[in-house]
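Engineer:
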Amino acid sequence: MNLQWYPGHMTKAKRQMQEDLKLIDLIIELVDARIPLSSRNPDIDELGKNKARLILLNKSDLADERYNEQWSAYFQKKGFYVVKVNAKSGAGLKSIQGVIQEACKAKIERDRRRGIKNRPIRAMVVGIPNVGKSTFINSYAGKACAKTGNKPGVTKGKQWIRLNKTLELLDTPGILWPKFEDQEVGKRLAFIGSIKDEILNLEELSLELLDYIRTNYPGLLNARYGIEEEGTPVSLLEAVADKRKCLIRGQEIDYAKAAGIVMEEFRNGKIGRITLEFPPVEEETAHEDHPGD
Ligand code: G4P
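My numbering puts the first residue of the sequence shown at 714, with every later residue one more than the last.
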């Protein structure tokens, strides 16, 4: 399977982001906790240098908690502030405010030295499509949703959401594009549903996923589908088809339907909390607890 993806508005989006970044102090970058590296575009590090940085490990409810912890440590070590969240339920959002103050201490201190008091921190949410940017903005700012900016007569002003006296959020998130020359990265994006299913071979994808899950999370497929976990990936898919009565005209195996079930149930967490990539083992932190790496 050869995955390629050419987002149409890449250049325009990048230019827009460069403009928006001039207006802000803090970048709030959402990544998908199941694939924290594959779901980020490292270009943001160059675009956003000199800005305070906060990474939200979103959809942490769908990812393996052990690795959520390891990924948090990984990014912290690289100098990011990190909060584990579930933008959908709101879990973890409460601690963000304190972390933002901490991440922006240098700016707050600079303001203070210059005699500027109470200038709110301005932040912008960024991330690749489908990581949960809108969900996050809605849950985090939803209640406070007092829009500022766009004064009468100013047509092109930015819309800011004032969250409290100390924080304003740009109301439109910055969309980054997934970046992959590496097919493995493309595949991980496909697993979580960040690449349109129409251009993918779902059956092939589901076979790889089944194989991954039984290797790295033994027991989960048995618990969900009541199937044995031995055999080829095709035999696993056939077993799922059998259990879920995926048959064409009552007799032939409907592989496409079974594959669709596996992909959907993985994506919405029904098979379990599954992480698809593990923090790279770095020299001094190398340890053995890395299944499937
Ligand atoms: P985007 O702006 O970055 O493109 O992403 P968006 O907020 O539209 O979220 C994409 C999908 O991810 C949505 O699901 C949303 O509900 C879901 N989502 C966002 N954050 C979380 C999270 O922390 N945990 C879980 N489990 N899901 C999350 P959808 O299928 O488009 O809609 P729906 O099924 O929620 O109605």
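Each residue gets a CB set at the ideal place from its N, CA and C atoms; glycine is no exception.
Can you give the Cα-Cα distance for V867 and K909, rounded to whole angstroms?
Structural biologist: Against the sequence shown, residue 867 aligns to sequence position 154. Against the sequence shown, residue 909 aligns to sequence position 196. Low confidence applies to V867: its pLDDT is 45, below 50, so where it sits in the model is not reliable enough to give any reading.
Engineer: Is the distance from the Cβ of E942 to the Cβ of L934 below 9 angstroms?
Structural biologist: Position 229 of the sequence shown holds residue 942. Position 221 of the sequence shown holds residue 934. Closer than 9 angstroms, so yes.
Engineer: How would you label G828, buried or exposed, when you count the other beta carbons within 10 angstroms and need 16 or more for buried?
Structural biologist: Taking the first residue of the sequence shown as 1, we reach residue 828 at position 115. Exposed.
Engineer: Who does L770 pair with in a DSSP beta bridge?
Structural biologist: Counted from its first residue, the sequence shown places residue 770 at position 57. V744, K797.
Engineer: Residues in its own chain within less than 8 angstroms of R937 by CB, not counting five upstream and five downstream?
Structural biologist: Reading the sequence shown from its first residue, position 224 is the one you call residue 937. So the qualifying residues of the chain are E978, K983, I984, G985.
Engineer: Report the partner residues of A836 according to the DSSP bridge assignment.
Structural biologist: Stepping through the sequence shown from its first residue, residue 836 is reached at position 123. Paired residues: L739, L882.
Engineer: Need the endpoints of the alpha helix (DSSP H) that I850 sits in, please.
Structural biologist: Residue mapping note: residue 850 aligns to position 137 of the sequence shown, counting from 1. Per DSSP, I850 belongs to the alpha helix (DSSP H) from 846-854.
Engineer: On the criterion of 16 or more Cβ atoms from any shown chain inside 10 Å, does P993 qualify as buried, or is it exposed?
Structural biologist: Position 280 of the sequence shown, counted from the first residue, corresponds to residue 993. It is exposed - the Cβ of P993 has fewer than 16 other Cβ atoms within 10 Å.
Engineer: Would you call P891 buried or exposed, if buried means 16 or more other Cβ atoms sit within 10 Å of its Cβ?
Structural biologist: To locate residue 891, count along the sequence shown from 1; it is residue 178. Buried, by the Cβ-count rule.
Engineer: Can you determine whether any heavy atom of the ligand G4P sits closer than 8 angstroms to the C-beta of R833, and answer yes or no?
Structural biologist: For the purposes of this step, residue 833 is identified with residue 120 of the sequence shown, where counting begins at 1. In the sequence as displayed, the identity of residue 833 is Pro instead of Arg. No, the Cβ of P833 stays beyond 8 angstroms of every heavy atom of the ligand G4P.
Engineer: By the 10 Å Cβ neighbour count, where 16 or more other Cβ atoms means buried, how is A786 classified, buried or exposed?
Structural biologist: Locating residue 786 in the sequence shown gives position 73, counting from the first residue. Answer is exposed; the Cβ neighbour count stays below 16.
Engineer: Please determine whether the Cβ atom of V795 lies at a distance below 8 angstroms from any heavy atom of the ligand G4P.
Structural biologist: As a position in the sequence shown, residue 795 is number 82, starting the count at 1. V795: no, Cβ never under 8 angstroms from the ligand G4P.
Engineer: Measuring alpha carbon to alpha carbon, tell me which residue in R901, E778, V844 is nearest E742.
Structural biologist: By one-based count along the sequence shown, residue 742 stands at place 29. Closest option to E742, Cα to Cα, is V844.
Engineer: What is the rounded straight-line gap between the Cα of Q717 and the Cα of P842?
Structural biologist: In the sequence shown, residue 717 corresponds to position 4, counting from 1. In the sequence shown, residue 842 corresponds to position 129, counting from 1. With a pLDDT of 49 at Q717, under the threshold of 50, the modelled position of this residue cannot be trusted, and the question is left open.
Engineer: Label A804 either buried or exposed according to how many other C-beta atoms from any shown protein chain fall within 10 Å of its C-beta, with 16 as the threshold for buried.
Structural biologist: Translated into the one-based positions of the sequence shown, residue 804 becomes position 91. So A804 ends up on the exposed side.
Engineer: Please report how far the alpha carbon of V839 lies from the alpha carbon of D967, in whole angstroms.
Structural biologist: What you label residue 839 is simply residue 126 of the sequence shown in a count that begins at 1. What you label residue 967 is simply residue 254 of the sequence shown in a count that begins at 1. Each residue's Cα considered, the two are about 40 angstroms apart.
Engineer: Within the chosen definition, does the stretch 722-741 reach the stretch 763-780 through at least 3 CB pairs nearer than 8 angstroms?
Structural biologist: yes
Engineer: Under the three-state reduction of DSSP, which class applies to W873: helix, strand or coil?
Structural biologist: Taking the first residue of the sequence shown as 1, we reach residue 873 at position 160. Three-state result, W873: strand.
Engineer: In whole angstroms, what is the alpha-carbon distance linking L923 and K878?
Structural biologist: For the purposes of this step, residue 923 is identified with residue 210 of the sequence shown, where counting begins at 1. For the purposes of this step, residue 878 is identified with residue 165 of the sequence shown, where counting begins at 1. If I take the Cα positions, the gap works out to 49 angstroms.
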